[in-house]
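Enquirer:
Number of protein chains: 2
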Amino acid sequence: MAVDDRLRTVDEHLATVLDGVGTLEPIELTLLDAQGLLLAENVSTDFPLPSFDNSAMDGYAVRAVDTLDASREQPVRLQVVGDIAAGASSRSGMGPGLAMRIMTGAPIPSGADAVIPLEDTDRGMARVEIHRPVQSGECLRRAGEDLTAGSPALAAGAALGPQQLALLAAIGRDRVVVRPRPRVIILSTGSELIEVGHRPGFGEVIDSNSYMIAAAAKDAGADARRIGIVPDDHTKLLDALENQLLRADILVTSGGVSMGAYDVVKEALSEIGTVDFMRVAMQPGKPQGFGHLGNGIPIFCLPGNPVSSLVSFEAFVRPAIRKLLGKRSLHRATVQATALESAKSPHGVRQYRRGVLHRESAGGYSVSFIGGPGSHLIASLALSNCLVVIDEDVTEVTAGKPVTVMPLLLSNR
Amino acid sequence: MAVDDRLRTVDEHLATVLDGVGTLEPIELTLLDAQGLLLAENVSTDFPLPSFDNSAMDGYAVRAVDTLDASREQPVRLQVVGDIAAGASSRSGMGPGLAMRIMTGAPIPSGADAVIPLEDTDRGMARVEIHRPVQSGECLRRAGEDLTAGSPALAAGAALGPQQLALLAAIGRDRVVVRPRPRVIILSTGSELIEVGHRPGFGEVIDSNSYMIAAAAKDAGADARRIGIVPDDHTKLLDALENQLLRADILVTSGGVSMGAYDVVKEALSEIGTVDFMRVAMQPGKPQGFGHLGNGIPIFCLPGNPVSSLVSFEAFVRPAIRKLLGKRSLHRATVQATALESAKSPHGVRQYRRGVLHRESAGGYSVSFIGGPGSHLIASLALSNCLVVIDEDVTEVTAGKPVTVMPLLLSNR
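Chains as they are written, first to last, in the working numbering: chain A, 1 to 413; chain B, 1001 to 1413.
(1) Just the chain A side, please: which residues come within less than 7 Å of B:D1174 by C-beta, in chain order?
(2) In chain order, which continuous runs of the beta strand (DSSP E) of length 3 or greater are located wholly inside the stretch 1045-1085 of chain B?
(3) To the nearest angstrom, report how far apart A:V317 and B:R1175 are at their CA atoms.
(4) With 9 Å as the C-beta to C-beta threshold (strictly closer), list the residues of the stretch 1012-1035 of chain B near chain A in chain order.
(5) Run down chain A in chain order and give the residues with a C-beta less than 7 Å from the C-beta of B:M1212.
(6) Identify the residues that DSSP records as bridge partners of A:G223: which are they?
(7) Check A:L387 in the structure and name its three-state DSSP category.
(8) So the alpha helix (DSSP H) A:A159 belongs to, where does it begin and stop?
(9) Going by beta carbon distance, what residues of the same chain come within less than 8 Å of A:E129, once the five residues before and after it are set aside?
(10) In chain order, what residues of the same chain lie with their CB nearer than 8 Å to the CB of B:S1208, ignoring the 5 residues before and after it?
(11) Can a CB atom of chain B be found closer than 9 Å to the CB of A:I171?
(12) Counting only beta-carbon separations shorter than 9 Å, does B:K1286 have a partner in chain A?
(13) Who pairs with A:T30 in a beta bridge, going by DSSP?
(14) Quick one: is the Cβ of A:S361 within less than 8 Å of any heavy atom of the ligand MG?
(15) A:A281 by DSSP, collapsed to three states: which one?
(16) Quick check: what's the CA-CA separation for B:R1142 versus B:S1308?
(17) Residues in the stretch 220-249 of chain A with C-beta within 9 Å of chain B's C-beta atoms, listed in sequence order?
(18) Tell me the DSSP bridge mates of B:Y1365?
(19) What residue from B:P1180, B:A1166 and B:K1344 has the CA that sits closest to B:G1157's CA?
(20) Going along the chain, which unbroken runs of the alpha helix (DSSP H) with 4 or more residues stay wholly within the stretch 1105-1132 of chain B?
(21) Less than 8 Å between the CB atoms is what I'm expecting for A:R354 and A:I370, so what's the real figure, rounded?
(22) If contact is defined by three or more beta carbon pairs under 8 Å, each pair taking one atom from either stretch, is the stretch 331-350 of chain A in contact with the stretch 1198-1206 of chain B?
(23) By the 8 Å beta-carbon criterion, what residues does the stretch 1062-1074 of chain B contribute toward chain A?
(24) Flag A:V367 as yes if its beta-carbon sits less than 9 Å from any beta-carbon of chain B, otherwise no.
(25) Beta-carbon separation of A:G105 and B:V1311 under 9 Å?
(26) Pairs of beta-carbons, one from the stretch 1265-1277 of chain B and one from the stretch 1207-1221 of chain B, closer than 8 Å: are there three or more?
(27) Please identify the residue among A:A15, A:R6 and A:T9 whose C-alpha is closest to the C-alpha of A:L330.
(28) If the cut-off is 7 Å on Cβ atoms, which residues from the stretch 97-127 of chain A count as contacting chain B, listed in chain order?
(29) Do you know how far the Cα of B:T1009 is from the Cα of B:L1168?
(30) Mapping the DSSP letters down to three states, classify B:F1300 as helix, strand or coil.
(31) Is it true that the CB of A:G348 sits closer than 9 Å to the CB of A:L7?
(32) If you run the structure through DSSP and keep just helix, strand and coil, what is B:I1321?
(33) Using the Cα positions of B:V1356 and B:I1171, report the straight-line distance between them to the nearest angstrom.
(34) To the nearest angstrom, how far is it from the Cα of B:V1230 to the Cα of B:T1189?
(35) Applying a beta-carbon distance threshold of less than 7 Å, which residues of chain B neighbour A:F52?
(36) B:L1293 lies in the beta strand (DSSP E); which residues open and close that run?
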């Protein structure tokens, strides 16, 4: 257990964190459970797609050569010798000079080499009038024209959205091997904390961080579980952590890292792992803990103020979750926005200010600051929709000038 | 049951759809179940936030007046008369000339009006040396400075992300009234369809649309359920639909709307509702069905080709889901991208081409087309990441010129 008194940069700490987060064993999931995840196998198809020649239109299967002279004025008349429905389970056949009514998707009868769409005929039942010549192959979907048997369908690393799941189903895969959602276990420490649903007495504070971090972890793609509150008590903290170690890919604690309590957390953690507590050159979020418990499970000890906790999550935990998911881009997209007010930021510190990002009617964005310096201010945090990121070498933001903004875009889920 | 033979525009059909989709009764959910939804009540707080004066730092509670002359060279020495931990359940008190050790978040003792941070002291136990003067109110968080008792916290319409859920927890709300996720029931019709997991025999096709639409509906924010395949059979279709009516806010069928089957679907639907089948001036996706079953449940009958089905979902079903969710923006964001190839589009028809959107290193986007004209081509659909939207009045896209692109961005979930 080292207490690193040197001030680390955000980038240094992030590098430590990402180095300390491994990969997860791929797992097999059913298609709809795999939604949003990355494929961890190369998938090819055993059979061609389409698997048989079929009609692209409702119409009549014909031999093109029989329709060469057809026109609306001088239609070619063919005898209709049958109907072919989608789902027909054996191949029909027809001879020269004949036609068969055929539905979209139904198998092309042997002897036919084209389909004339309904609207280019008189829609006849026993005989049909063909109003134009058809080219051989017209309105046919050939077996294998989408994918031939044995050919690759999706490569490892593909993100599984609706279209990709449809392809997997179409080639007969009801389960696929994917990179799993990291199981993130969230607990709040602090003897002052009480569960939501109780009115706080004097000195009591309702735990809100564990809800915030659980929601943020789910939003980042994790399978997040909120364990709730653990008091600043050595045995209880140790029990709670040990209970969760087998079920967690990442542990996140928030709070309780102040003076006396800090020591409780540190001491408990030292018995089951190696966790470093350090100061990071960021505002808010200076005190951070990171290390490993048990069999190498990463643990983040985030500061307890809600704003510090969320900023720390965004800076370190979200990229770690996305690394475990296998995402190429670990970081949120940022935009440039015109600052609507001026602000100061200490040299050498990366400042994250809560902001309200506006889309300008003329295009582009502007951003105003909200919430002031207090990192306990949760009401204004709830009104913010972005973080303004002021880099270490910037000491002054000037109204009217561009700043870097990280929109905290929410997924629907 | 009307068959509207006039060709409608996409915008006309969308207007019909949105008119035909009402609103859902708000429901009460627990906090984490409410994630991603919109608040349907105005929420205010019964008690102030913070609920008691507390310390913003680890340090010593003091009377500012006692520290006026303090400096590092000439420290003020105060007797330390106690410790106040976070979670202390009664208010301590202290007299003039005294100090108490205090943790971040712990209640300020009566008699003190400021906190001096640890680092500006000698961290003494029985007596403490104060190294600088403190201002009255320094390092204090006043009760109610975030929210006063009775004041509004979040307004109806607020989207509930991590920060908003944290605020709701902080003010004691473990349940909130929200606009629920629409329950979307998806079924595929077509006698040629078989379930995934079986190898298709001659004439058989594995149902993939219901997976695609279920995933797309979930991605749009719905509570999506895939019922699976219903054959082109009057009684079976009717049974399947009637069974689902009580559980659905939206029904979506895909496929089976060709020639013979079309009539089966239409006839069955006419017995339990009013559904119009019409042609929409779009490509793909021309044949559309929309109406209401049972007690006014909207039903979408989408064409069965995978590309047509997805484009129809994006054009009509997604906006309907987002309307029910209460979202202000019903449509996906679009971007302008440079076309990498030329293309033609018929006048008067809105064409949706599958595309691959690239981010240019110099900034901006470019887009290439993928998949050709066949709307059964599911392998190339799975490689696309956007739809290129070519408006009704545009007949030609020129390589090197900008086009409108709708990225099919995926949520993580």
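Idealized CB from N, CA, C, for every residue including glycine.
Expert: In short:
(1) Around B:D1174, the beta-carbon contacts reaching into chain A at under 7 Å are V196 and G197.
(2) If we require 3 residues or more, the beta strand (DSSP E) runs fully inside the stretch 1045-1085 of chain B come out as 1059-1062 and 1076-1084.
(3) A:V317 and B:R1175: Cα-Cα distance of roughly 27 Å.
(4) The residues in question are L1031, L1032 and Q1035.
(5) Per Cβ cutoff of 7 Å: P162, Q163, L165 and A166.
(6) Here the sequence assigns Asp to residue 223 of chain A, which means Gly is not the residue at that position. Beta-bridge pairing links A:D223 to A:R183.
(7) In the structure shown, A:L387 falls within a strand segment according to DSSP collapsed to helix, strand and coil.
(8) Careful: A:A159 lies outside any alpha helix (DSSP H) and carries neither H nor E.
(9) If the five residues before and after A:E129 are omitted, its C-beta is found closer than 8 Å to the C-beta atoms of P75, V76, R77, T121 and D122, all from its own chain and listed in chain order.
(10) The answer, listed in chain order, is V1196, P1306 and I1378.
(11) A:I171 counts as touching chain B.
(12) Chain A contact via Cβ: absent.
(13) The partner list for A:T30 (beta bridge, DSSP) reads A:R175.
(14) The ligand MG is absent from the structure shown, which contains no ligand whatsoever.
(15) DSSP places A:A281 in coil when its eight states are reduced to three.
(16) Cα to Cα, the separation comes out at about 60 Å.
(17) Listed by position, the residues of the stretch 220-249 of chain A near chain B (Cβ gap below 9 Å) are A220, G221, A222, A224, R226, P231 and D232.
(18) In DSSP, B:Y1365 forms a bridge with B:R1359.
(19) Residue B:P1180 is the option with its Cα nearest to B:G1157.
(20) Runs of the alpha helix (DSSP H) inside the stretch 1105-1132 of chain B: none found.
(21) Contact holds; Cβ gap of about 5 Å.
(22) Put simply, the stretch 1198-1206 of chain B does not touch the stretch 331-350 of chain A. Fewer than three CB pairs are less than 8 Å apart.
(23) Of all residues in the stretch 1062-1074 of chain B, none places a beta-carbon less than 8 Å from a beta-carbon of chain A.
(24) No, no contact with chain B.
(25) Not closer than 9 Å, so no.
(26) Contact between the stretch 1265-1277 of chain B and the stretch 1207-1221 of chain B is absent, because fewer than three Cβ pairs lie under 8 Å.
(27) The residue with the shortest Cα to Cα distance from A:L330 is A:A15.
(28) Answer in chain order: M103, T104, G105 and P107.
(29) Approximately 44 Å between the Cα atoms of the pair.
(30) The answer is strand: DSSP assigns B:F1300 an E or B state.
(31) Contact flag set, yes.
(32) Of the three classes helix, strand and coil, the one that applies to B:I1321 here is helix, per DSSP.
(33) Roughly 47 Å separates the two Cα atoms.
(34) Using only the alpha carbons, I get a separation of about 5 Å.
(35) Result: F1202 and G1203.
(36) Counting along the chain, the beta strand (DSSP E) containing B:L1293 begins and ends at P1287 to L1293.
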